[in-house]
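Residue numbers (my numbering): 160 to 525. Don't be surprised by glycine CBs; every beta carbon is placed ideally from N, CA and C. Before any comments, here is the structure.
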């Protein structure tokens, strides 16, 4: 995997390293037979930017797609969801990765520079993953916590690891008399928005702030992007944070109380939450934004779920970019692309029903 940087346009500064891999597939062959058959005729450079949660999956997708299409270069900058949306709006990228969908009022502004005015956008829930509550305590690999306790920790109301609220849910675990350092994202992050949405829905008496991609309170330590949070939690003592589960590594993780049981994160539990949730009402046919049920008490559901979207134009000003974007998104949502992400990033493959909707949305791109 080669890494390189690029300068963004329209005054959008896109931070982070680009994921560049050279390898590849056949034009129009986005299924399980990628790499066989008629050689690809696709060529050119496709630029995307956004969610750092997708980094591992994007590395794998880019490598496989470029292997199948050796004359195509795909660049993805994991600068964060907010930066990715801004870059896409400015026309500095042809697609964006975002851990939240665009809001109704943002879409209504119709200021997406790469898109033909009035044609709208495509939003594909192509990367589904649990968000892990991660911590660093010597000798402790997992803890049980309910929503109120998680909210009180991140709000700064619970400040010691041997607080009775934690001890009472973890019988037999030797919890230290140690200060808790709560770590949050410093940048505008879809992961933060997903976590705060869960806290607001599942612990409303404690977490009184609305869901937001920007951390809403002063308490805690800030770190940039997913990698920064992982580093801060890993290198600290008594630290706790949150990140896409694919990045949890050897850190301790929390099983979240849902109904009467504590549910550890898993791709299967995340997928169960998504399948039980409806699409946002009033969106265009290609806009598959999902309204997650964060307060579900259904057995086996893990409610701190990240749906990371791939966002594109319904109709592009540049036909060449439309062709490249369409082919890349077709690969990502294919069975091969989804299984590759599951293998490399631990994500949950989208369901057959969701694939059919996403496939129709991609097919309509022009």
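For residue i and residue j, I'd like the C-alpha separation in whole angstroms.
i, j, result
"residue 364", "residue 330", "25 angstroms"
"residue 225", "residue 286", "19 angstroms"
"residue 332", "residue 199", "57 angstroms"
"residue 539", "residue 216", "Residue coverage of the chain in this structure runs from 160 to 525, which leaves residue 539 outside it and unanswerable."
"residue 359", "residue 304", "16 angstroms"
"residue 509", "residue 298", "35 angstroms"
"residue 500", "residue 326", "37 angstroms"
"residue 374", "residue 355", "8 angstroms"
"residue 454", "residue 370", "14 angstroms"
"residue 490", "residue 394", "37 angstroms"
"residue 353", "residue 439", "15 angstroms"
"residue 221", "residue 517", "19 angstroms"
"residue 244", "residue 336", "42 angstroms"
"residue 515", "residue 391", "40 angstroms"
"residue 367", "residue 201", "50 angstroms"
"residue 242", "residue 413", "29 angstroms"
"residue 452", "residue 230", "43 angstroms"
"residue 346", "residue 205", "25 angstroms"
"residue 232", "residue 271", "23 angstroms"
"residue 427", "residue 449", "17 angstroms"
Are the beta-carbon atoms of residue i and residue j separated by less than 9 angstroms?
i, j, result
"residue 292", "residue 421", "no"
"residue 250", "residue 469", "no"
"residue 521", "residue 488", "yes"
"residue 485", "residue 218", "no"
"residue 294", "residue 411", "yes"
"residue 258", "residue 240", "yes"
"residue 237", "residue 384", "yes"
"residue 407", "residue 507", "no"
"residue 207", "residue 252", "yes"
"residue 463", "residue 424", "yes"
"residue 523", "residue 445", "yes"
"residue 212", "residue 467", "yes"
Over what stretch of residues does the alpha helix (DSSP H) that includes residue i continue unbroken?
i, result
"residue 301", "No alpha helix (DSSP H) contains residue 301, which is instead part of the beta strand (DSSP E) from 301-304."
"residue 226", "214-227"
"residue 248", "240-249"
"residue 392", "384-394"
"residue 466", "From DSSP, residue 466 is part of no alpha helix (DSSP H) but of the beta strand (DSSP E) over 464-472."
"residue 509", "Where residue 509 is concerned, there is no enclosing alpha helix (DSSP H), given that its DSSP letter is neither H nor E."
For the putative contact between residue i and residue j, defined by C-beta atoms under 8 angstroms, what is the C-beta separation to the nearest angstrom?
i, j, result
"residue 109", "residue 283", "As displayed, the chain neither begins before 160 nor continues past 525, which places residue 109 out of reach and without an answer."
"residue 379", "residue 349", "Not confirmed; about 18 angstroms, so no contact."
"residue 290", "residue 403", "6 angstroms"
"residue 274", "residue 266", "So it is not a contact: roughly 11 angstroms between Cβ atoms."
"residue 338", "residue 318", "6 angstroms"
Can you tell me which of the options puts its alpha carbon nearest to the alpha carbon of residue i?
i, options, result
"residue 210", "440, 288, 201, 274", "288"
"residue 405", "201, 386, 316", "386"
"residue 435", "423, 461, 413, 416", "461"
"residue 310", "229, 324, 300", "324"
"residue 415", "433, 395, 302, 366", "302"
"residue 227", "197, 235, 308", "197"
"residue 377", "394, 492, 270, 340", "340"
"residue 409", "476, 315, 296, 254", "296"
"residue 315", "334, 300, 343", "343"
"residue 474", "223, 233, 254, 232", "254"
Between which two residues does the beta strand (DSSP E) containing residue i stretch?
i, result
"residue 283", "280-295"
"residue 272", "No beta strand (DSSP E) holds residue 272; DSSP gives it neither H nor E."
"residue 496", "Counting along the chain, residue 496 falls outside any beta strand (DSSP E), though it belongs to the alpha helix (DSSP H) covering 494-504."
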